[in-house]
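Letter 48 of the sequence shown, counting from 1, is numbered 49 in the numbering used here, and no numbers are missing.
Here the structure comes first, spelled out in structure tokens, and everything after it is commentary.
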Amino acid sequence: MPNWDKIYKAVNKGGQKWKDINDGVMPYCFTEDINPLFVNFIAKTKFKNKSVFDIGCGEGRYLIYLSALGWQTDGVDSSQTSVETTKQALGDKAGSIKKADMFNMNISPNKYDLIISISTINHGFKKDLSKLINQVHEALLLEGKTFITIPDKKCINTWRTFKKHRMLDDNTAEPLIGPEKGIPHGFYTKQEIEEMFAKFKNIKMTADKTGQWLVVATK
Ligand SMILES: C[S@@+](CC[C@H](N)C(=O)[O-])C[C@H]1O[C@@H](n2cnc3c(N)ncnc32)[C@H](O)[C@@H]1O
2 MPNWDKIYKA VNKGGQKWKD INDGVMPYCF TEDINPLFVN FIAKTKFKNK
52 SVFDIGCGEG RYLIYLSALG WQTDGVDSSQ TSVETTKQAL GDKAGSIKKA
102 DMFNMNISPN KYDLIISIST INHGFKKDLS KLINQVHEAL LLEGKTFITI
152 PDKKCINTWR TFKKHRMLDD NTAEPLIGPE KGIPHGFYTK QEIEEMFAKF
202 KNIKMTADKT GQWLVVATK
């Protein structure tokens, strides 16, 4: 299994960044930019407590953005290196930023206004993803929202990272070349995603230009 920590360690030493790894195919996911649809979503939505939990926070891009807007920031990532980078960037405003496997962790129930996961939650198999989405529902406050990106099924044939890949099941593929070689990526139709978010209300899905579904839903 390829090691995310190794990728972040290399970035810290001036190595290849996400945007280069993906050859610019997924600009909003891998540059320092925050997806403009996220910026718009935050600007237009009222939140009671401004408490956020980021699943797969990476180097903290989204938490740093939200922290500057006065949010309390918690998150997890499987890479210790990226957890340290995030903590350092957030400084004394950092909440609980921990190394954890998103498919084997507890999130306190009824705690957050917002739970986000950008280009992360699909790194597993459908049953794990569905379980985690249900856990997200439990962890949100009533009327809390989630903003999660999940790649559309057609991306398997359009993303350059997947030029050479092998299917692990109906929804999951692993690239056979490049730095993300061997990392499982899940791809889903709109209908499959709606089914996984069945516990939520007001499910809104927008396809961004990279082919990812941006899923916004309310508890
Ligand atoms: C493509 S990066 C996105 C990072 C961040 N969300 C961003 O947009 O900058 C995917 C992230 O998911 C993390 N990740 C992958 N599998 C994970 C798991 N099982 N549990 C927690 N984090 C995981 C990786 O370490 C990596 O930081």
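Don't be surprised by glycine CBs; every beta carbon is placed ideally from N, CA and C.
Treat the numbers as computed from the prediction; the structure is a model and nothing was measured.
Annotation for C156 indicates a beta carbon at 7 Å or more from all heavy atoms of ligand 1.
Under the rule that a run must span 4 or more residues, the alpha helix (DSSP H) segments found entirely inside the region 126–177 read 127–140. Sorting Y113, T82, L133 by C-alpha distance to the C-alpha of N105 places L133 at the top. The three-state reading of DSSP puts D55 in strand, counting E and B together. Residue side-chain check: H186 keeps its Cβ at 7 Å or more from all non-hydrogen atoms of ligand 1.
The closest heavy atom of ligand 1 lies less than 7 Å from the beta carbon of A101. Annotated as proximal: D209 and L38, with beta-carbon spacing under 8 Å. Counting along the chain, T74 sits inside the beta strand (DSSP E) bounded by residues 73–78.
The C-beta of K146 has 16 or more other C-beta atoms within 10 Å across all chains shown, which makes the residue buried.
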